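Novice: Respectively, the protein sequence lines represent chains A and B.
Numbering of the first sequence is given in the numbering used here, commencing with residue 79 and proceeding in unit increments.
Numbering of the second sequence is given in the numbering used here, commencing with residue 200 and proceeding in unit increments.
After the structure tokens below, expect a handful of questions from me.
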Amino acid sequence: MKRLFAFAGFALLLLTAGGACAQSLGDLQLYENMHTITLQERTLEGVDEQIISYVVQLAQQENMIPEGKTASDMTEVVKAAFETRLDDFCEKYNGTFDACPQTYQMFRDWGMDIIDTRTLSTDLLHIAAGYETGVIGNMGEIFTIAERTLTIRNLWRSADDALLTPEVFPLIRAVPRPDSVTDGMFDAVSEALGREQASAGSVNRYRYGIAVFDREPCRESQGPNELFEATEARNCTLERALTAIRNALPQDPLTFDPPLARGEIVIFPLRILETPPNVIVWMMVENVNSEIRRDVGLGWQLMLETVPIGILGGDNCDPGKMGESYCTVFDRFLIRPGGRYEDPPREPTEQEGGLCHLPFARDGYLCRPMRHDRCNADIEDKEPDSIVLTECKPAQAKQPVALTESGPDICRTSWWRIPSEELKNMSPPSADQDGPLPLGDCALCRLDVRCKDDCMDGASAVTEPKDDNGVIHICINRSAPRAVLRTNLIHELVHTQQLCNLPPHTKIFDTVERCCASEMEANTVSCRVLAEDGVLDEAGVSIEECTGGLANISCKNYGEKPCSDLSAADVKDKIEEVLNRKEREPGSNFPSCDEVSAEWLKGIAKLDARIISMIEGLNGACSPGCQTKYQNTIGNNLCYIGQCVEQSIEQSRVIPGRMALNVGDESFPWDSCAATDSLTGGLITLPAVSPPLTPAYNPRLLVESLDRALCQLNGLPAMTPPILCQFDYERRLSIPTSDYVSTALSFASQIEENDTPTASLQRMTQGMGTRIGTSLLTRYLSWASMALSDSLRAGNQLLNAMENTKFPLSTCPRTATEKPDFCTASSSSD
Amino acid sequence: MISRNARIVGLIVFLLLAALCAGIVANSKKLTATSVSLLMKREAENSILTPCSRFTESYMQLPFGDTNFARWPKLYHETAAAVIEEHLQSFSRAPQCAAATGNDVLPGGPKLQELSKKLPSWKSTSVSQWEMSSVLLEYLRAYECALEERLYFLHPDAMKELESKLEAKGESTDILLGGLIAEVAEEDRIIAQELVTARPTLNRSLAVLAGLSRLLPLHTELQCIERASIDIRNALALGAEAGSCLPRIWNAKDPLRDLPQ
Numbered sequence: 079m080k081r082l083f084a085f086a087g088f089a090l091l092l093l094t095a096g097g098a099c100a101q102s103l104g105d106l107q108l109y110e111n112m113h114t115i116t117l118q119e120r121t122l123e124g125v126d127e128q129i130i131s132y133v134v135q136l137a138q139q140e141n142m143i144p145e146g147k148t149a150s151d152m153t154e155v156v157k158a159a160f161e162t163r164l165d166d167f168c169e170k171y172n173g174t175f176d177a178c179p180q181t182y183q184m185f186r187d188w189g190m191d192i193i194d195t196r197t198l199s200t201d202l203l204h205i206a207a208g209y210e211t212g213v214i215g216n217m218g219e220i221f222t223i224a225e226r227t228l229t230i231r232n233l234w235r236s237a238d239d240a241l242l243t244p245e246v247f248p249l250i251r252a253v254p255r256p257d258s259v260t261d262g263m264f265d266a267v268s269e270a271l272g273r274e275q276a277s278a279g280s281v282n283r284y285r286y287g288i289a290v291f292d293r294e295p296c297r298e299s300q301g302p303n304e305l306f307e308a309t310e311a312r313n314c315t316l317e318r319a320l321t322a323i324r325n326a327l328p329q330d331p332l333t334f335d336p337p338l339a340r341g342e343i344v345i346f347p348l349r350i351l352e353t354p355p356n357v358i359v360w361m362m363v364e365n366v367n368s369e370i371r372r373d374v375g376l377g378w379q380l381m382l383e384t385v386p387i388g389i390l391g392g393d394n395c396d397p398g399k400m401g402e403s404y405c406t407v408f409d410r411f412l413i414r415p416g417g418r419y420e421d422p423p424r425e426p427t428e429q430e431g432g433l434c435h436l437p438f439a440r441d442g443y444l445c446r447p448m449r450h451d452r453c454n455a456d457i458e459d460k461e462p463d464s465i466v467l468t469e470c471k472p473a474q475a476k477q478p479v480a481l482t483e484s485g486p487d488i489c490r491t492s493w494w495r496i497p498s499e500e501l502k503n504m505s506p507p508s509a510d511q512d513g514p515l516p517l518g519d520c521a522l523c524r525l526d527v528r529c530k531d532d533c534m535d536g537a538s539a540v541t542e543p544k545d546d547n548g549v550i551h552i553c554i555n556r557s558a559p560r561a562v563l564r565t566n567l568i569h570e571l572v573h574t575q576q577l578c579n580l581p582p583h584t585k586i587f588d589t590v591e592r593c594c595a596s597e598m599e600a601n602t603v604s605c606r607v608l609a610e611d612g613v614l615d616e617a618g619v620s621i622e623e624c625t626g627g628l629a630n631i632s633c634k635n636y637g638e639k640p641c642s643d644l645s646a647a648d649v650k651d652k653i654e655e656v657l658n659r660k661e662r663e664p665g666s667n668f669p670s671c672d673e674v675s676a677e678w679l680k681g682i683a684k685l686d687a688r689i690i691s692m693i694e695g696l697n698g699a700c701s702p703g704c705q706t707k708y709q710n711t712i713g714n715n716l717c718y719i720g721q722c723v724e725q726s727i728e729q730s731r732v733i734p735g736r737m738a739l740n741v742g743d744e745s746f747p748w749d750s751c752a753a754t755d756s757l758t759g760g761l762i763t764l765p766a767v768s769p770p771l772t773p774a775y776n777p778r779l780l781v782e783s784l785d786r787a788l789c790q791l792n793g794l795p796a797m798t799p800p801i802l803c804q805f806d807y808e809r810r811l812s813i814p815t816s817d818y819v820s821t822a823l824s825f826a827s828q829i830e831e832n833d834t835p836t837a838s839l840q841r842m843t844q845g846m847g848t849r850i851g852t853s854l855l856t857r858y859l860s861w862a863s864m865a866l867s868d869s870l871r872a873g874n875q876l877l878n879a880m881e882n883t884k885f886p887l888s889t890c891p892r893t894a895t896e897k898p899d900f901c902t903a904s905s906s907s908d
Numbered sequence: 200m201i202s203r204n205a206r207i208v209g210l211i212v213f214l215l216l217a218a219l220c221a222g223i224v225a226n227s228k229k230l231t232a233t234s235v236s237l238l239m240k241r242e243a244e245n246s247i248l249t250p251c252s253r254f255t256e257s258y259m260q261l262p263f264g265d266t267n268f269a270r271w272p273k274l275y276h277e278t279a280a281a282v283i284e285e286h287l288q289s290f291s292r293a294p295q296c297a298a299a300t301g302n303d304v305l306p307g308g309p310k311l312q313e314l315s316k317k318l319p320s321w322k323s324t325s326v327s328q329w330e331m332s333s334v335l336l337e338y339l340r341a342y343e344c345a346l347e348e349r350l351y352f353l354h355p356d357a358m359k360e361l362e363s364k365l366e367a368k369g370e371s372t373d374i375l376l377g378g379l380i381a382e383v384a385e386e387d388r389i390i391a392q393e394l395v396t397a398r399p400t401l402n403r404s405l406a407v408l409a410g411l412s413r414l415l416p417l418h419t420e421l422q423c424i425e426r427a428s429i430d431i432r433n434a435l436a437l438g439a440e441a442g443s444c445l446p447r448i449w450n451a452k453d454p455l456r457d458l459p460q
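Laid out in structure tokens, this is it:
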């Protein structure tokens, strides 16, 4: 046996996930940006031209531009006011100091007001960026939580896990960047972004990729650099640069190894641009119903480049929406008093994936519909006065859901295996070949798939019992709808796997119990595939209904609803209706049975790459001399080990026998020497998964501490209520000084006297609050991570127990007549 | 002749002095380095409630000296900016997954460590990257204290500053009133501006970082889980390698079964 450790896929996924980590973040200058904003806000230092224009135009609206002065003259006047040059201001404004200081202050106040509004929007956007970064599913952000979660899931998963998972997760794979995508292409993107004034708007604009713009030809638009308008503007140079990258991405599912499965997404390593800083380019390819969709887009590592609100110019004002007076100012003076956001840019439509367009966002709870395979959605309100929000029904199965000859047949579906090259490269099975699949002698059966005009009783697909040559024949009806070909083939392949290890002519549908078990198992697989395609969602059928309902139909010879309590009446019709509709949709590309036979690998890949894996799975995974290939994941390794153990126990004796010399001799005398099962796994208690508790917050204690601090600051003992500790503004009135003047001066300076403890309290409170908050978070996390650490500890114990397994040192003698010594020796050693 | 009252007062004063001396002698052992270190320890434990004068032992290592006032804002903002930039870079720093305590999983970066050692709360303890906000807020408090203190003693301090400036230029250190007034006005303007802008600047920065930092523990844990998962996968891959021999092991030991050719 030769196994392939397919490190590449996951190493590359790690590479992608760590793409942002491998390179240091660019100089984000968070603090410097905030310092600049604060200086502008508090001191009007370094104010930009937009604010100056706004104040000039506001002055025009208020008729405050002196005669003989133009708007451009006023620019210097406003600048002088902002730079606190009062003398200069008055000289330039009207050459007189009469009422000039008031105008000077008014201009400054207008500037302060609009900066306040703009700063507020910037602050809110910054806070939103802080809270949303890493959790909204964008690619390439400084927190690689989504990528790492995906990596961990991929490290643990086996492809067969899907059969036991109630949710349909998008299948995502990472592969290296193709050579066709060159560095020069990214330089072109940098250049196109650099050329545009509002690069922040462009990054926002193309954050969902460029595919959404395919239907609308690009037209350059020039607009003010403001939030939402800038993000609506299109940059054709940038779009061309991104399209060049997109065109260089592979568009054939067979380019990938293993071939890209339907619904699977490939992401390529992110590219962090040198300029502008903090911007990344993402690339992805997706197999949507055998059609390859490619997309390229932009994103932020950390979105700090907020685009300000609009305060100048813009499109026509709608009086109905904005009001008559507002629109008068808007149209005549081209300003938007108080600033204004335009309508947000269009998100991708539902057909384009909506918010779920990006792969990581698609994994989020908003984008992942709940499937009701555990819990039926139809609630029967038994009590007229009760309100039932949800209800779990008892298990619907009336018969066993699977039967095996011996052992659990772990991972039998074999989606976890990668087909061998021989199987993939073989010629299409010809009509005269008898059971050509799989190749070699590693399987206990061979498979023969034929397309026929009619299978048994008009069925769309039928699997016959194994014949004397070990061949299992599958008949696919040519007249069956093309859309069901894949599901039928997968369904029949499960029956083939059920039959493979059984003796020839064994029937698996001969009793109600066997029929239901066989059909339920096969339906679990085929219904899962339908769910992944979205067919079940569209039909309004849960996986559970599909599994049980279709089993009832298959085993209808044994009565009504023999396998499941669920009604099967319309399940099949609903599913077939959706499949027929999909087949009739323009652009649908469902191959026929003959087309798949003629174009073996491409045809199967169009159907589903897992079909080849299922055929490969007929080979024993652990048969000596046979090759098994799979991706190196924890789940796949466990599948392999499990199959090896099962194969050993089922096809070999763990404790060997001996050649009996006499008729009465015992063939297996050493069975009694078997060491006691250590039951290691059974003795480990896994922690109960309980929601983490929020640590005690005790807000009252915290407030009391603050009250005490307030009293201390004012030199008073703790008082009740604490407000009594506040500075007494009437103190000077009740204890006046010797003369009125000093009393008045003392009274006037009381504000400063009060300011000092207030400032001290503010400084102290923030520091204390941060420490208390950090302490609360630490306590919360230590509790929240307890269940995880306990689980890891249990896993560690199991691995240690495996490591400590002691094997006997001596082998069993071939022809022993006495009880051998090794028996007691091995017992004692155990 | 001394009156009786005066004698009584003299006696009382004498007794009080004697008692005071006796008290000092009796308690002389307590005024040792140990008691000073105890006081400092208590101050370090409750540093948030201590006065934060730049002349106290705890805050003397901060760069706010007597004669470098012109550089105070630059020194403060550069340090704060460097610590924040380092914090952002720490998101891509590999955690110490084998650390014994949560704080050691992501120890503070060099800039944070350097700053925290100058502040009483962290003088004798290590700092974790989680504590960045607390360190910066404490640094800001110390900066504001220094500014307030400077404002309180503005004229003498401005004179010292001016002298040092003239000395640095190699000019006479005789201070003219006009020069002093200009220096005082400039320092007053800087102090007012810094007192108005330093805290909102840090608050804005921390508002962004607070949102990000809440994910930092999760981000760190995921990195450790990922590495542990790779270890488990590799261990199981070795197990699978060994498992591939299972049927052959039994076949070889079983005399009743022929090996496949």
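For each residue, glycine too, the CB sits at the ideal point set by N, CA and C.
Remember, predicted model here, so these are calculated numbers, not experimental data.
Unbroken alpha helix (DSSP H) runs of length 4 or more, entirely within the stretch 369–449 of chain B: which are they?
Specialist: DSSP runs (the alpha helix (DSSP H)) wholly in the stretch 369–449 of chain B: 376–412 and 415–442.
Novice: Beta carbon of THR574/A, beta carbon of CYS523/A: below 9 Å?
Specialist: For THR574/A and CYS523/A, yes; Cβs fall inside 9 Å.
Novice: So, is the C-beta of VAL326/B closer than 9 Å to a C-beta in chain A?
Specialist: It does not: the Cβ of VAL326/B has no partner Cβ on chain A nearer than 9 Å.
Novice: In angstroms, rounded to a whole number, what distance separates the CA positions of ARG490/A and TYR419/A?
Specialist: Between ARG490/A and TYR419/A, the C-alpha separation is close to 58 Å.
Novice: Express the C-alpha separation of GLN844/A and THR353/A in angstroms, rounding to a whole number.
Specialist: Each residue's alpha carbon lies about 37 Å from the other.
Novice: What does a CB cutoff of less than 6 Å around TRP188/A pick up in its chain, not counting 5 residues either side in sequence?
Specialist: So the qualifying residues of the chain are VAL133 and LEU136.
Novice: Kindly list, in the order they appear in chain A, the residues whose Cβ is closer than 9 Å to that of PRO446/B.
Specialist: Result: GLY698, CYS700, SER701, PRO702, CYS722, GLN725, SER726, GLN729 and SER730.
Novice: Whose CA, out of PRO337/A, GLY637/A, ALA339/A and GLU364/A, lies closest to the CA of ILE345/A?
Specialist: Checking every option, the nearest Cα to that of ILE345/A belongs to GLU364/A.
Novice: Tell me the rounded alpha-carbon separation between ARG340/B and ARG253/B.
Specialist: In a straight line, the C-alpha of ARG340/B is about 11 Å away from that of ARG253/B.
Novice: So is CYS529/A buried or exposed if we call it buried at 16+ other beta carbons inside 10 Å?
Specialist: Classification of CYS529/A: buried, given that the 10 Å Cβ count is 16 or more.
Novice: Taking 9 Å as the cut-off, decide whether the C-beta atoms of PRO399/B and THR116/A are in contact.
Specialist: Against a cut-off of 9 Å, the Cβ pair of THR116/A and PRO399/B comes out as a contact.
Novice: Between ASP457/B and chain A, is there a C-beta pair that is closer than 9 Å?
Specialist: Interpretation of ASP457/B is limited by its pLDDT of 44, a score under 50 that renders its predicted location unreliable; the figure taken from the coordinates is listed afterwards. It does not: the Cβ of ASP457/B has no partner Cβ on chain A nearer than 9 Å.
Novice: Could you confirm whether any beta carbon from chain B is found closer than 9 Å to the beta carbon of GLY218/A?
Specialist: Not one chain B Cβ lies under 9 Å of GLY218/A.
Novice: Which residue marks the beginning of the alpha helix (DSSP H) containing LEU376/A, and which one marks its end?
Specialist: Unbroken run through LEU376/A is the beta strand (DSSP E), 369–378; no alpha helix (DSSP H).
Novice: Just to make sure I have the definition right: I need the residues of chain A whose C-beta is within less than 7 Å of the C-beta of ILE424/B. Which are they?
Specialist: Chain A residues near ILE424/B: ILE230.
Novice: Contact criterion: CB-CB distance below 9 Å. Does GLN576/A meet it with respect to chain B?
Specialist: It does not; no Cβ of chain B falls within 9 Å.
Novice: Beta carbons nearer than 9 Å to chain A: which residues of the stretch 348–364 of chain B have them?
Specialist: Per Cβ criterion, the list is empty.
Novice: Could one say the Cβ of LEU716/A lies closer than 9 Å to chain B's Cβ atoms, at least one of them?
Specialist: It does: the Cβ of LEU716/A has a partner Cβ on chain B nearer than 9 Å.
Novice: Along chain A, which residues have their Cβ under 7 Å away from the Cβ of THR255/B?
Specialist: The contacting residues do not exist; THR255/B stays about 16 Å from chain A at best.
Novice: Taking the Cβ atom as the reference point for each residue, do PRO294/B and LEU305/B lie within a distance shorter than 9 Å?
Specialist: Result yes, Cβ atoms of PRO294/B and LEU305/B sit closer than 9 Å.
Novice: Roughly how many angstroms lie between the CA atoms of GLY618/A and ARG659/A, to the nearest whole one?
Specialist: Roughly 15 Å separates the two Cα atoms.
Novice: Say whether chain A places a C-beta atom closer than 9 Å to the C-beta of GLU343/B.
Specialist: Judged by the 9 Å Cβ criterion, GLU343/B is in contact with chain A.
Novice: To the nearest angstrom, report how far apart ARG324/A and SER280/A are at their CA atoms.
Specialist: Those two C-alpha atoms are separated by around 17 Å.
Novice: Taking just the CA atoms, how far does PRO669/A sit from THR333/A?
Specialist: Straight-line Cα distance between these residues: approximately 20 Å.
Novice: To the nearest angstrom, how far is it from the Cα of MET598/A to the Cα of GLY287/A?
Specialist: C-alpha separation (whole angstroms): 42 Å.
Novice: Using a cut-off of 9 Å between C-beta atoms, extract the partners of TRP329/B located in chain A.
Specialist: Near TRP329/B (Cβ distances below 9 Å), the residues of chain A are THR852, LEU855 and THR856.
Novice: Spell out whether any CB of chain B is found under 9 Å from the CB atom of GLY377/A.
Specialist: Closer than 9 Å: no.
Novice: Step through the CB atoms of chain A and report whether any lies within less than 9 Å of the CB of GLU386/B.
Specialist: False, the Cβ-Cβ gap to chain A never drops below 9 Å.
Novice: Taking the beta strand (DSSP E) that VAL246/A belongs to, which residues open and close that run?
Specialist: Premise fails: VAL246/A is in no beta strand (DSSP E) and is neither H nor E.
Novice: Closer than 8 Å between beta carbons: that is the criterion. Which residues of the stretch 305–324 of chain B meet it against chain A?
Specialist: Under the 8 Å Cβ criterion, the stretch 305–324 of chain B contributes no residue.
Novice: Answer yes if the stretch 196–207 of chain A comes into contact with the stretch 354–361 of chain A, meaning at least three C-beta pairs across the two stretches below 8 Å, and no otherwise.
Specialist: Segments in contact, no.
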